[in-house]
Amino acid sequence: MTDAAASFRRTALVLRHDSTIGLGNLGPTLEARGYDVVTVDAPATDVAAIDPLAADLVVVLGGEEGAYETDQYPYLADELRLLQARIEAEAPIFGVCLGAQLLAAALGARVYAGERKEVGWLEVAPTAAGAASPVRHFAGVPTVQWHGDTFDLPEGVERLAGSPQYENQAFRRDEWLLAVQFHPEVTAGIHEDWLTAWGDELPAYGLTTERLREERASYGAPAEAASAALLGEYLDGIAARARTAA
């Protein structure tokens, strides 16, 4: 930890939807930038009671829920209200997979089931805007995809990356909001947890657990390095924004 990080601590509120879909390798980067991480299990928490602006940063992780399934999962409606309050205040938010979909919904865009799940170690292609954003660190670096839902691009954001199957893979608003559909958080442990939990889905996509383990062995380290660079650059950007505002 740097002296600056030690002298000025911040709080990152993490909204988690499944114990197997955790913060992973994002955690060390947050801690290195001076964040105290507070993880909330949204399904077991009164999300409506959370002050949406109390944390310096909100991180919204993935889950099997659909952002449009608020009747089945009422806490998602509470999360959407929390995100809308932060968006109105331009308070920093980072969303991953379901988190990106919830951010798209909070910004007024449609979230819906795609034609086919996107699963495996796959590349995303940064747009011109993405090449000048933190997402650029994933150019040419395969990363984990495991989702069936997608979203229309919200108004007032920059599209940062796409893939052959789903064109909306990342977006941002200014420096304070960043959303990625892919999974930069995946560690070896998370990867194994997912293979155990959902490995029976893989044959439908021409994949096996053995193949994904081989790909993890090849791509895991570069993906984790890209993850640290992506999140670190985003956090540095919101820190610079806060200094300017002060």
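Take UniProt numbering: the last position of the sequence shown gets the number 246, and nothing is skipped along the way.
Beta carbons: idealized from backbone N, C-alpha and C, even for Gly.
Exposure label - residue i; buried when at least 16 CB within 10 Å
| i | result |
| --- | --- |
| PHE8 | exposed |
| ARG33 | buried |
| ALA226 | buried |
| THR11 | exposed |
| GLU115 | exposed |
| LEU144 | The question names Leu, but residue 144 is Val in the sequence shown. Answer is buried; the Cβ neighbour count reaches 16. |
| ALA106 | buried |
| TYR205 | exposed |
| ALA197 | exposed |
| ARG16 | buried |
Residue span of the beta strand (DSSP E) that contains residue i, given as start and end
| i | result |
| --- | --- |
| TYR112 | 111-122 |
| GLU233 | It is not in any beta strand (DSSP E) - GLU233 instead sits in the alpha helix (DSSP H) that spans 209-245. |
| GLY148 | 143-151 |
Closest residue to residue i among the options (Cα-Cα distance)
| i | options | result |
| --- | --- | --- |
| HIS147 | THR209, ARG172, TRP194 and ALA106 | TRP194 |
| THR20 | LEU61, LEU53 and GLU31 | LEU61 |
| THR244 | GLU175, ARG211, LEU202 and THR150 | GLU175 |
| VAL58 | GLU123, GLU65 and ALA100 | ALA100 |
| ALA42 | VAL96, GLU31, LEU76 and LEU26 | LEU76 |
| ILE238 | HIS191, GLN181, GLU201 and ARG172 | ARG172 |
Per DSSP, cross-strand counterpart(s) of residue i
| i | result |
| --- | --- |
| ILE93 | VAL58 and LEU177 |
| VAL186 | The partner list for VAL186 (beta bridge, DSSP) is empty, contrary to what the question assumes. |
| ALA161 | PRO126 and ALA170 |
| THR39 | VAL14 |
| ALA139 | VAL124 |
Residue i: CB within 6 Å of a non-hydrogen atom of the ligand NAP
| i | result |
| --- | --- |
| THR150 | In the structure shown, the ligand NAP is absent, as is every other ligand, since no ligand is present at all. |
Range covered by the alpha helix (DSSP H) that runs through residue i
| i | result |
| --- | --- |
| LEU15 | That residue, LEU15, is in no alpha helix (DSSP H); its beta strand (DSSP E) goes 10-16. |
| GLU69 | Premise fails: GLU69 is in no alpha helix (DSSP H) and is neither H nor E. |
| GLY34 | Careful: GLY34 lies outside any alpha helix (DSSP H) and carries neither H nor E. |
| GLY99 | 98-106 |
- Query: Using 8 Å as the Cβ pair cut-off and three pairs as the minimum, do the segment 43-50 and the segment 208-225 touch?
  - Reply: Using a C-beta cut-off of 8 Å, the segment 43-50 makes no contact with the segment 208-225, since fewer than three inter-stretch Cβ pairs fall below that distance.
- Message: Contact between the segment 230-237 and the segment 128-143 is defined here as three or more beta-carbon pairs at a separation below 8 Å; is this criterion met?
- Response: Pairwise C-beta distances place the segment 230-237 in contact with the segment 128-143, as three or more of them are shorter than 8 Å.
- Message: For the segment 182-198 against the segment 71-89, do three or more pairs of beta-carbon atoms, one drawn from each stretch, fall closer than 8 Å, so that the two count as touching?
- Response: Contact fails: fewer than three Cβ-Cβ distances are below 8 Å.
- Query: Do the segment 108-127 and the segment 153-172 meet, that is, are 3 or more Cβ pairs less than 8 Å apart?
  - Reply: They touch, by the three-pair rule.
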